[in-house]
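First the structure, in the form of structure tokens, and then the observations on it.
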Amino acid sequence: MTVLLVRPDSWNLPLLLHVGGAMALVASVTVAAVALIQGWRTDNPSAASLKRFGARTLLYAAIPSYFVMRIAAQWILSKEGLDNSNAAWIGDGFMAADVGFVLLVIAAIVANMAVRRDPDSGLGKLAKVGASLSVVLIALYVFAVWAMTTKPS
Amino acid sequence: MGYSTLLFLHVTSAFTMVTAAGLFLAIALAQRSDRHSATALRLAPVAAILWPIGSLLAIVFGVWLALHDSQYSLGDGWIIAAIVLWAVGGAIGGRLGAGYRKMTSGGGPDPAALAMNLALVITLLVILIDMIYKPGAS
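Chains as they are written, first to last, in the working numbering: chain A, 1 to 153; chain B, 1001 to 1138.
Here is the structure:
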């Protein structure tokens, strides 16, 4: 297998935005997951604050990071002339991004609904769904990083 | 181990570092409000685990990659720059983690925490730019 170690300069900016956006996305989903799970594990008043923090992180950090990652992905794909490629790793990336986006939006909606409905209490069922989806998202993103770096055929 | 596996492990470790930095930053931002400061410290134990693991594995797999591939050399300018920046980031992250651990056991907040977080974010961003652009690589 030939590995291209130094790529054309014109690919660097879209790749930087793609990887940077992905890092910000994973970091913000993990911050939200940790906050929601810590809120799940406690009964004291800090649970409500952790729930709010997790919900807002999904809405104001994770979703914008997703768009940076996804738009830059399309840009780099176009630069590399792979728009119509059937390569498995590109399909895996699209699957992780698109399924991940649906899960991310659902997680953000249910967590923020939980905050709205009951701002002063612990997690509740809705926020627990948000916490669980955040953990699923982290697993999906590890798969995406695997697909993007190993490029399985 | 092959190039792809090493790259996966290196990149995953880098993601772990950035995630820990995100947790550090979240704690620092929450510290600005009295209402959230105690709550935010509940994120500190996870950050304190992720930071050392991520940063250690990132340098181990990064150096391994450089040694594994004949096109790279540990003497390349961009690799030396990355190692220096990694050491700077490691020191900042280590101090942030220690400061938050001290706070969870009753110590006062570090007044320089927000500035250190900003320095850590900038350091990680410069490392990422260095890794993507590989200045001086042929």
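Cβ coordinates follow ideal geometry from the N, Cα and C atoms, glycine included.
- Isoleucine 1079 of chain B and isoleucine 1059 of chain B have their C-alpha atoms some 11 Å from each other.
- At a cut-off of 7 Å between beta-carbon atoms, alanine 1044 of chain B makes no contact with chain A.
- Taking a beta-carbon distance threshold of 7 Å, serine 1037 of chain B does not count as an interface residue toward chain A.
- Residues of the stretch 19 to 40 of chain A that bring their beta carbon within less than 7 Å of a beta carbon in chain B comprise Val19, Gly20, Met23, Val26, Ala27, Ser28, Thr30, Val31, Val34, Ala35, Gln38, in sequence order.
- Using a Cβ-Cβ cut-off of 7 Å, serine 1004 of chain B counts as an interface residue toward chain A, since at least one Cβ of chain A sits closer than that to its own.
- Closest by C-alpha distance to glycine 1090 of chain B, out of B:Ala1119, B:Leu1074, B:Asp1069, is B:Ala1119.
- For glycine 39 of chain A, the closest of A:Ser10, A:Met69, A:Gly100, A:Ser132 by C-alpha to C-alpha distance is A:Ser132.
- Nearest to serine 46 of chain A by alpha-carbon distance, out of A:Met148, A:Asp120, A:Thr149, is A:Asp120.
- Residue contact check for threonine 1019 of chain B against chain A: a CB pair falls below 7 Å.
- Between leucine 126 of chain A and methionine 69 of chain A, the C-beta gap is not smaller than 7 Å, which leaves the two residues out of contact.
- A distance below 6 Å between beta-carbons, with the five flanking residues on each side excluded, links glycine 1097 of chain B to the following residues of its chain, in chain order: Ala1048, Trp1051.
- Short of 7 Å from the beta carbon of serine 1037 of chain B, and not among the five residues preceding or following it, lie these beta carbons of its own chain, in chain order: Ala1030, Gln1031.
- Residues of chain B with a Cβ closer than 9 Å to the Cβ of phenylalanine 143 of chain A do not exist, since the nearest Cβ in that chain sits about 11 Å away.
- Identification of residues in the stretch 39 to 56 of chain A having a C-beta nearer than 8 Å to some C-beta of chain B yields Thr42, Ser46, Ser49, Leu50, Phe53, given in sequence order.
- At the C-beta level, leucine 15 of chain A and isoleucine 1132 of chain B come within 7 Å of one another.
- In this structure, phenylalanine 1008 of chain B sits away from threonine 30 of chain A, with a CB-CB distance that is not shorter than 7 Å.
- Here DSSP, grouped into helix, strand and coil, assigns threonine 1016 of chain B to helix.
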